[in-house]
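These protein sequence lines map, in sequence, to chains A, B and C.
Residues in the first sequence are numbered consecutively from 21, following my numbering.
Residues in the second sequence are numbered consecutively from 15, following my numbering.
Residues in the third sequence are numbered consecutively from 3, following my numbering.
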Amino acid sequence: MTDHRVPGSLETVMTIAALTWKRLARGRALWVGVIISSLLVPFASAVRSSGNAGTGEELIMFALLTLAVVPPMFVSSSIGEEIEERTTTYLWSRPVPRWTVLAGKLATLVPVTIVLAVGSWSLAMLVGPQRPPSPESCLALAAGVTAISMMAAGIATLVPKHGMPLSICYMLFFDLPIGAMPISLSELSITHHVYTLTGMFRDGATMPRSLLALAILCAVWGTVAIWRIRRLEV
Amino acid sequence: MTVVVDNCSKWYGHVLGVSDVSWQLRGGIVGLLGPNGAGKSTLIKMMAGLLRPSRGSLTVFGKSPFHDVAVRRRIGYAPEHEKTWDELTALELVTVMARLAGVAPHDARGAAERALAQMGMTDAMHRRVRGFSKGMRQRTKLATAIAHDPDFLLLDEPLTGVDPIARVDIVERIRKLAAAGKTVVVSSHVLYEIESLTSEIVVIYRGQVLAEGNVYEIRKLIDRHPHRIRVECDRPRDIAAELATADHVARIVFERGGVLIETRDPDRCYDALAQVVIDRGIVVSALSSPDNNLGAVFEYLTGESRGRA
Amino acid sequence: MSDAPVPARPAGTIHDLGYKRYGGARLAASTRWLVIMRQQVAHGWKTWWRFKAALGLGVIVTFVAGGVMFLLQDRAVKGVVLPEGIAATLTDATLPRAMQWYSRVAFLVSLTIGARVVAGDVQSGAFTFYFARSVRPRDYVLGKLAGMCALIAMIYVGGPLLLAIARLGLSDSTDELIAILPVIPKALAMGMLGTLAFAAVPLGFSALVHNPRYAMALWATYYLIVGGMAWVLSRITDSGIAALDLAASLDRIAYYLFDLQVVWGRSKRIDPALALGSVLAHAAAAIALVIYQVRRAHLSGIGGAS
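What follows is the structure, encoded as structure tokens:
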């Protein structure tokens, strides 16, 4: 043994990110994600062919619904299944802080999901209403993906085996319903803030406030994930 | 001291993994022996920093491996489960593990290649792990454990599912690692696997350390069960006649082509036996001690423990 | 000291004294599915997050709906009317309206258990375990389907049945009680239909791909997204494609069964007969898919991932 060097945090995050990308690119999850995200395009095309191009409001609704499925599929399974299948033993027995493992995975999965979400949304807008998507809507989707990914990471560390179904159900049973409520509880809803950020619906909430709210939600879920992952034993 | 375990206990909810274990490890190869569920993997995982003790303390090179990230740089761990990232090639997997263990990026690939070569995986290193046999998976796992050149190796059941030829090969490679100055802890519930690797053992049963040390020394300490000595010779009755009156002989059983002597004092019995053979000119074709092995020691220890329970 | 003569033994004989062939009664092959069903129910019951959490939600839905039915019984409901155009009260409408909440809870069970059944068995190599025994593909399919039905029925049949009984308890007179007695068979019928849908369709998705998480994602996508898209397209094109929306179809059947006309809402666009046909077709297609995939796996001797 010649060198007792411990890898730096950034180096570890980059290594885990590269590992995650390699696994994602070689597995089928990416293709399943592509299929689910791209459903928006034939839908937009079908709406268009019926002579009703719409304004994109229905499209954004379905884009948000795909966000309830795709980020949990990528993030929850990447974190939860690794804990459940104990492949994390390889990572956690290395001289790296556990949060870097989480950060490395998110560093790959969040951008990939953003590309899928924004890409299919843009394509659907071009095919359906035949106009480019607004920058606000793209930013809203990107922020939504980030927040939902953080939520999925938090749930996956809390309940590794059922991270994905519980994340989907969190969106379905909690986030979407409270987002539709005309009371301050809707501030806890990711989808509510994404709607606001798109600029398509004016309900009193402002964009900076929604961005801040999403940042806080990300921080809360991120803290949950880091707190939990530091205590987890496999 | 590589490892110091001090009154260490670990619970999984209401299930006891390890109970009040105190143990110290200096170096060499040590076999962690026990039946399934005895607590071997729990102890190994605590040493690898994957679990923290519920009570007591466990240090590796003077540091807690669960809390101290840096000390894990000196540990190489091969888990007992087979799951790895099947989408990667063996080389990619070992390279990533080496990088995460602190090997500089430009050296990681070389370190991985060397580790895989050490495990006899050079030809298969560019193949994906998905298609590997159990033996190849075990070798790859071992390569991930040694790629960063650790001082302390924790190998949890490294020979499970490996065919006999590969087993001999892996045993030889583990021995070489120990010969190179590494401290190696190998767990197994298969006695002859441990026996082929080392005579230094820790017997763990129901979460407690039943015995530790050299297997022959431990055997000597078990008074309840007399030692058996089997002599295959041309005139077993002559040996029986001579030893029948000796106070250290508990029982003599005639077998086909020989005699089985049970004694409470093996040293005196061997002396007496040699005297008889010389005096009477008996032709001895084989001399063996069927229970002077790990299997018997293990059986006696766990049997006594069961009896106490 | 022993000097007993050693009996001569032929070289190379194995005396396996530990094994004796089971000589007791064996159950008929036709009952194997029952074993698989019990195992499926026991597996679902094992941890909090698989089934018990959903059962808890089901109980909450029942209590809340029962409370609404009791406390706000005379309040009029928006969105649905009685056949003559009379405004429906919460007493009449709570039970059918609660079905959409039972659907959501059943969807949760379908995600945590249903959509991973076949895919999980293929991935873990359990098919080898099943088919190494005298289990036929139909025993497997029947057992898994019955197991899922048993689990979902606890929510989807049990809850509505309790609400139907509560509805009977709220009747003002014996005549009214007799008049509304059909709510019991209607609740049972609705519950069984929903149970079949939420047991069979996710099972079909779990047979579609050999990875539980993809199966889960595809089922969730179909239920949440494709169904919603079908409803929007139906609204635009004025076609019956909304029947592809399982949740809306079940809603529509519930309202129809309980003699309520939908004034507005997602299920308004669906003809009740079409909704029933859609639910049954979904279930039939899913069961056919499971049978096909399991038979294929059985014939090819699939062993699952190593």
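Quick reminder that beta carbons are idealized off the backbone N, C-alpha and C, glycines included.
None of these values were measured; they are calculated from a predicted model.
* Can you list, in chain order, the residues of the region 120 to 149 of chain A whose Cβ is nearer than 7 Å to any Cβ on chain C? -> none
* Quick one: which residues of the region 104 to 120 of chain A get their C-beta closer than 8 Å to a C-beta of chain B? List them in chain order. => 105, 106, 107, 109, 110, 111, 112, 113, 114, 115, 116 and 117
* Relative to the alpha-carbon of residue 290 of chain B, which residue among B:197, B:80, B:179 and B:251 has its alpha-carbon at the smallest distance? -> B:251
* Asked: From the beta carbon of residue 35 of chain A, is the nearest beta carbon of chain B less than 9 Å away?
  -> yes
* Tell me, to the nearest whole angstrom, how far the beta carbon of residue 281 of chain C is from that of residue 199 of chain C; I am working on the premise that it is less than 8 Å. => 5 Å
* CA-to-CA distance, residue 22 of chain B to residue 198 of chain A, given in whole angstroms -> 48 Å
* Say whether chain C places a C-beta atom closer than 9 Å to the C-beta of residue 156 of chain A. => no
* Three-way DSSP call (helix, strand, coil) for residue 25 of chain B in this model -> strand
* Between residue 219 of chain B and chain A, is there a C-beta pair that is closer than 9 Å? -> no
* **Distance between residue 198 of chain B and residue 191 of chain B (C-alpha atoms, nearest Å)** => 8 Å
* State the Cα-Cα distance for the pair residue 86 of chain C and residue 257 of chain C, rounded to the nearest angstrom. => 15 Å
* In chain order, which continuous runs of the alpha helix (DSSP H) of length 4 or greater are located wholly inside the region 160 to 247 of chain C? -> 160 to 171, 176 to 182, 185 to 210, 214 to 222 and 229 to 239
* Asked: Any C-beta of chain A sitting closer than 9 Å to the C-beta of residue 142 of chain C?
  -> no
* Asked: In chain order, which alpha helix (DSSP H) runs of at least 4 residues are fully inside the region 104 to 158 of chain C?
  -> 119 to 126, 128 to 133 and 139 to 158
* Asked: Can you give the Cα-Cα distance for residue 57 of chain A and residue 140 of chain A, rounded to whole angstroms?
  -> 6 Å
* Neighbourhood of residue 165 of chain B by C-beta, 7 Å cutoff - its chain only, sequence neighbours within 5 removed -> 88, 196 and 197
* Sheet register partners of residue 37 of chain B (DSSP bridge) -> B:19
* **Under the three-state DSSP convention, the category residue 170 of chain B falls into** => strand
* Asked: Can at least three beta-carbon pairs, one atom from the region 179 to 186 of chain C and one from the region 244 to 258 of chain C, be found at a separation below 8 Å?
  -> no
* Cut-off 6 Å between Cβ atoms - residues of its own chain near residue 101 of chain C, not counting five sequence neighbours on either side -> 256
* Asked: Less than 9 Å separating the beta-carbons of residue 150 of chain C and residue 204 of chain C?
  -> yes
* Bounding residues of the alpha helix (DSSP H) (the contiguous stretch that carries residue 149 of chain B) -> 148 to 160
* **Cross-strand partners of residue 283 of chain B (DSSP beta bridge)** => Its beta-bridge partners do not exist; DSSP assigns none.
* To do: Starting from the C-beta of residue 174 of chain B, find all residues in its chain whose C-beta is less than 6 Å away, skip the five residues before and the five after it, and write them out in chain order.
  => none
* If you count every other CB in all the chains shown that lies within 10 Å of the CB of residue 307 of chain C, and 16 or more means buried, which is it? -> Confidence at residue 307 of chain C is low in this model, with a pLDDT of 39, below 50, so its placement is unreliable and the value that follows should be read with caution. Answer is exposed; the Cβ neighbour count stays below 16.
* **Contact set between the region 85 to 98 of chain A and chain C, restricted to residues whose Cβ is under 9 Å from the partner** => 85, 86, 88, 89, 90, 92, 93, 96 and 97
* The beta strand (DSSP E) enclosing residue 241 of chain B, as first and last residue numbers -> 241 to 247
* **Assumed close pair residue 148 of chain A, residue 37 of chain A - CB separation to whole angstroms, cut-off 8 Å** => Their Cβ separation, rounded to whole angstroms, is 34 Å, which puts residue 148 of chain A and residue 37 of chain A out of contact at 8 Å.
* To do: Name the residue from B:39, B:273, B:19 and B:116 whose alpha carbon lies nearest to the alpha carbon of residue 26 of chain A.
  => B:116
* Relative to the alpha-carbon of residue 32 of chain B, which residue among B:42, B:44 and B:48 has its alpha-carbon at the smallest distance? -> B:48
* Asked: When the cut-off is 9 Å and only beta carbons count, does residue 127 of chain B lie next to chain A?
  -> no
* Contact with chain B by residue 248 of chain A, beta-carbon distance below 9 Å -> no
* Could you tell me if residue 22 of chain A is buried or exposed, where buried requires 16 or more neighbouring beta carbons within 10 angstroms of its beta carbon? => Bear in mind that the predicted position of residue 22 of chain A carries a pLDDT of just 49, short of 50, making it too unreliable to give a figure here.
* **CB contact flag (residue 171 of chain A, residue 218 of chain C, <9 Å)** => no
* Candidates B:263, B:221, B:292 and B:177: closest to residue 29 of chain B by CA position -> B:221
* My understanding is that residue 73 of chain B touches residue 24 of chain B, with C-beta atoms under 8 Å, so please give their C-beta distance in whole angstroms. => Incorrect: roughly 15 Å between the Cβ atoms, too far for contact.
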